[in-house]
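What follows is a set of notes on a single structure, which appears directly below.
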Amino acid sequence: MSKSGLSFEALPPYSQRRFPDQPHRLKWHAVSRLAGFAAVSLALAGSAVARETACAVMSPGDRSKPAVGRKLMVAAAHPMAAKAGCAVLRRGGTAIDAAVAVQAVLAVVEPQSSGLAGGTLITYWDNAKKRVRHFEGIARAPRGVGTELRTPVGNDSAACGLKPGKVLSWNVNFTARAFGVPGTLRVLDLAHKSLGREPWRTLFDDSIRIAETGYALPNYLRTLVGEPARPAGIGKGLIRCRYPDLRRRFCVDADTPKPVGTTIHNPEIARVLSLVRDGGAAAFYDPKGPIVAGILARTRQGACKLSIADGEGPVLATLLTAEDFAAYTAHERKPVCAPVLGHVVCSAPPPSFGGATVIGLLTLADRAGIRNHRPGSLQHTHIMLQASRLMQADRRHFLGDPDFKPMPLDGILSTAYLRDRARLIGSAGIPAVVAPGRLPSGGRTPALNDPAKVVFEDETSHVSIVDGYGNALAMTTTNNTSFGSQMEAMGMVLNNVLVNFTRPGSVSPGYEVNAMRPGARPRTAMAPTVVLDRNLKLRMVLGAAGGGAIPDYVAGTILHVLVHGMDPQAALAQPHTSGQALTSSRCDGGPGFFSDVEKGTALAQWLPELKNLGHACPRAVRLRSGLTAIALTGDGRILGAADPRRDGIAVGE
Numbered sequence: 255m256s257k258s259g260l261s262f263e264a265l266p267p268y269s270q271r272r273f274p275d276q277p278h279r280l281k282w283h284a285v286s287r288l289a290g291f292a293a294v295s296l297a298l299a300g301s302a303v304a305r306e307t308a309c310a311v312m313s314p315g316d317r318s319k320p321a322v323g324r325k326l327m328v329a330a331a332h333p334m335a336a337k338a339g340c341a342v343l344r345r346g347g348t349a350i351d352a353a354v355a356v357q358a359v360l361a362v363v364e365p366q367s368s369g370l371a372g373g374t375l376i377t378y379w380d381n382a383k384k385r386v387r388h389f390e391g392i393a394r395a396p397r398g399v400g401t402e403l404r405t406p407v408g409n410d411s412a413a414c415g416l417k418p419g420k421v422l423s424w425n426v427n428f429t430a431r432a433f434g435v436p437g438t439l440r441v442l443d444l445a446h447k448s449l450g451r452e453p454w455r456t457l458f459d460d461s462i463r464i465a466e467t468g469y470a471l472p473n474y475l476r477t478l479v480g481e482p483a484r485p486a487g488i489g490k491g492l493i494r495c496r497y498p499d500l501r502r503r504f505c506v507d508a509d510t511p512k513p514v515g516t517t518i519h520n521p522e523i524a525r526v527l528s529l530v531r532d533g534g535a536a537a538f539y540d541p542k543g544p545i546v547a548g549i550l551a552r553t554r555q556g557a558c559k560l561s562i563a564d565g566e567g568p569v570l571a572t573l574l575t576a577e578d579f580a581a582y583t584a585h586e587r588k589p590v591c592a593p594v595l596g597h598v599v600c601s602a603p604p605p606s607f608g609g610a611t612v613i614g615l616l617t618l619a620d621r622a623g624i625r626n627h628r629p630g631s632l633q634h635t636h637i638m639l640q641a642s643r644l645m646q647a648d649r650r651h652f653l654g655d656p657d658f659k660p661m662p663l664d665g666i667l668s669t670a671y672l673r674d675r676a677r678l679i680g681s682a683g684i685p686a687v688v689a690p691g692r693l694p695s696g697g698r699t700p701a702l703n704d705p706a707k708v709v710f711e712d713e714t715s716h717v718s719i720v721d722g723y724g725n726a727l728a729m730t731t732t733n734n735t736s737f738g739s740q741m742e743a744m745g746m747v748l749n750n751v752l753v754n755f756t757r758p759g760s761v762s763p764g765y766e767v768n769a770m771r772p773g774a775r776p777r778t779a780m781a782p783t784v785v786l787d788r789n790l791k792l793r794m795v796l797g798a799a800g801g802g803a804i805p806d807y808v809a810g811t812i813l814h815v816l817v818h819g820m821d822p823q824a825a826l827a828q829p830h831t832s833g834q835a836l837t838s839s840r841c842d843g844g845p846g847f848f849s850d851v852e853k854g855t856a857l858a859q860w861l862p863e864l865k866n867l868g869h870a871c872p873r874a875v876r877l878r879s880g881l882t883a884i885a886l887t888g889d890g891r892i893l894g895a896a897d898p899r900r901d902g903i904a905v906g907e
């Protein structure tokens, strides 16, 4: 028990509001800060960043071992971004200072995944105040949207040659119409004003220099440019070199990406970064400023063209206005925290379903006896898949934008509810069609009918940071699908977040809580997560890229480190499972959730046995995650790790 009298055992099963000062007053509630953690201290050497030595880089030639430090650590999806963050920490900056620098560099060198025109979630451990905080900057819908992305608005029907009552083609997903109001810079600004030490304008030098002088085209980026962009997973799609903005920067011609190692310059984004450096985030959102003007000029170009039969990308203008940019606000929201596996897991609340899904999945798996099974075994795989499928059904039905509908987190994460749901995981398996459960408050159990197809994407980027003051940051940041709308404006890849709203009449459960509305934020799988140990000391900071399967990747990593004793690099290399994919035409012809294991791994051997255990449609598919993680050990080491499936590294000292 800590000096404040608060013990791990005193924690409520799920919490999301401020802990009361007196432990005996703890009740079921939801907590924004861990104020009761008054005696928590991190096992970090030193209270400030040492400046004498260089950061130690995880060797690219040995991706099997974590980076090791004792003072600070940065793990990111590109070496240049990780090194920029480490440099900020070494000169005395905090985790949020480093995160601003990392994001700015990622916008230049990893534009397929995140950028200044995307959305971002941040979960932060404030060591001085012993608080877990969460900052939300999801891109949101403009004021002029219809009931769904494919709904014609204004003169769309005439301009696009549609018959009355017809909707737009799925190809709208890769046009300016799918672009939502960006939130990344607003949320970085909000967190930096509260938690930063370094002046804002000092955090952009590396990103501007790299944009101007160029960077070597990475293998992962080059691979994605050469792959087809398939809207909603339908059809063959066009390779990304067929989209003119991407072709100009990354391709030799309409069919050939530039070779790996080609120097890529982006002077346009260097100008944007300079404006943001000098004018703050306000410069990005200024309705009369050059950035908004440049974005709107690009996204309003061209007559409607949704067919791709000519081999060129589709075109449909945005609905965004300058006023939509000016009206955007980021929020500090109450993180989702709960005791799991003998630790406290804190992650993202709605509009993310990621945090609740991570906590619920781990709780269900623990109740089903996951600790008794070896990683990679049939039973371990079976339990993780079934827990995932149960949580996916619940999160689809219950979770969305909390600004429009109350979120029943205290119901779906309650002890009684998860106990009942865990009973469905058995040797005989659970039904192919997994329905959401009945909450403790009662109500009808909804049916699952005509679900839409969900496609795994490789989008998004995750950054994990521990600074020299003991603070920790988990930041997941995204353009939504890879390269977002497949468009650039002023050198920035534009998100396509509006595809994440649920279509009316096509997905049940979930439409009402995730409906497209003016100003709404679509739900997201992102799950930036902080883990504390039984003594309420920092144990892990982590998160992932990878679309709807993000909670599976995060939960699996936590399980491998906390239960199976792996270092974070070994944990990130483990093969993945996911029960996320939902479709109206599974391999057996019925609706429901797939049971997916990572293609090319040892888990594929279990497909016949999984079928015997009640999985209607087990399959091996590409599950290309983008995890980063940092784990703190009892002997004072800080272990950093980056997913071997991507180009990232961990850097520390």
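Using my numbering, the first residue of the sequence shown is number 255, and each one after it goes up by one.
Idealized CB from N, CA, C, for every residue including glycine.
Work out the CA separation of residue j and residue i for me, nearest whole Å.
i	j	result
ALA535	ALA619	42 Å
GLN834	GLN646	6 Å
ARG345	ALA395	39 Å
ALA393	THR438	8 Å
THR477	LEU693	44 Å
THR490	PRO406	Contrary to the premise, residue 490 reads as Lys rather than Thr in this sequence. When rounded, the distance between both Cα atoms is 24 Å.
ILE903	ALA330	6 Å
GLU742	ALA896	28 Å
GLY906	PHE538	32 Å
LEU893	GLY419	57 Å
ALA557	LYS542	25 Å
LEU796	ILE523	28 Å
TRP454	PRO498	34 Å
ALA310	CYS340	10 Å
VAL322	HIS716	19 Å
ARG757	VAL851	28 Å
GLN357	GLY868	43 Å
LEU226	LEU752	This structure does not reach residue 226, given that the chain is present from 255 up to 907, and the question cannot be answered.
SER318	ALA809	20 Å
PRO513	PRO521	20 Å
LEU560	VAL426	7 Å
ARG287	SER601	Here the model assigns ARG287 a pLDDT of 36, short of 50, so the residue's position is not dependable and the matter cannot be decided.
GLY819	SER739	41 Å
VAL598	THR617	12 Å
Report all residues from its chain with a CB closer than 6 Å to the CB of residue i; omit the five preceding and five following residues, and keep chain order.
i	result
ARG607	According to the sequence provided, residue 607 is Phe. The question's Arg does not apply to it. The residues are ARG649, LEU653 and ARG777.
LEU442	VAL354
LEU639	THR831, GLY833 and SER849
SER461	ALA358, VAL359, VAL362 and LEU527
ASP912	Residue numbering for the chain in the displayed model covers 255 to 907; residue 912 lies beyond these limits and cannot be assessed.
Need the endpoints of the alpha helix (DSSP H) that residue i sits in, please.
i	result
MET334	333-344
VAL356	349-363
GLU852	GLU852 -> not in any alpha helix (DSSP H); beta strand (DSSP E) instead, spanning 849-852.
LEU478	473-479
Would you say the beta carbon of residue i comes nearer than 8 Å to a heavy atom of the ligand COA?
i	result
SER561	As far as ligands go, the structure on display features none, and thus does not contain the ligand COA.
Taking the beta strand (DSSP E) that residue i falls in, what are its first and last residues?
i	result
ARG873	872-875
PHE389	385-391
SER715	715-720
TYR378	373-380
GLY894	892-896
SER448	It is not in any beta strand (DSSP E) - SER448 instead sits in the alpha helix (DSSP H) that spans 438-449.
ASP901	Taken as a continuous stretch (DSSP letters only), ASP901 belongs to no beta strand (DSSP E), as it is neither H nor E.
LEU202	In the structure displayed, the chain extends from 255 to 907; residue 202 sits before or after that span and is not available.
THR783	783-786
Within its chain, find whatever has a CB closer than 7 Å to the CB of residue i; leave out the 5 residues flanking it on each side and keep chain order.
i	result
PHE847	ARG643, GLN646, VAL688, GLY833, ALA835 and LEU836
LYS865	PRO872
Take residue i and list the residues in its own chain whose beta-carbon comes closer than 8 Å to its own, dropping the five residues that flank it on each side.
i	result
ASP578	PRO396, ARG397 and VAL435
Quick one: which unbroken beta strand (DSSP E) runs of 3-plus residues sit fully inside the segment 567-651? Chain order, please.
-> 585-587, 590-594 and 597-601
Pair every Cβ in the segment 579-595 with every Cβ in the segment 375-394, then say whether three or more of these pairs are closer than 8 Å.
-> Taking 8 Å as the limit for Cβ pairs, the verdict is that the segment 375-394 does touch the segment 579-595.
Which whole runs of the alpha helix (DSSP H) in the segment 399-423 are 4 residues long or more, in chain order?
-> 410-413
For the segment 429-436 and the segment 741-761, state whether three or more C-beta atom pairs, one from each stretch, are separated by less than 8 Å.
-> yes
Entirely enclosed alpha helix (DSSP H) segments - the segment 496-522, minimum 4 residues | 498-504
Touch test, the segment 352-371 against the segment 736-746, Cβ-Cβ under 8 Å, three pairs minimum = yes
What are the uninterrupted segments assigned as beta strand (DSSP E) that are 3 or more residues long and contained completely in the segment 788-820, given in chain order?
-> Complete beta strand (DSSP E) runs here, min 3: 792-797.
Inspect the CB distances between the segment 516-530 and the segment 565-578 and report whether three or more fall short of 8 Å.
-> no
Would you call the segment 809-822 and the segment 719-739 touching, i.e. three or more CB-CB distances under 8 Å?
-> no
For the segment 508-523 and the segment 409-423, state whether three or more C-beta atom pairs, one from each stretch, are separated by less than 8 Å.
-> no
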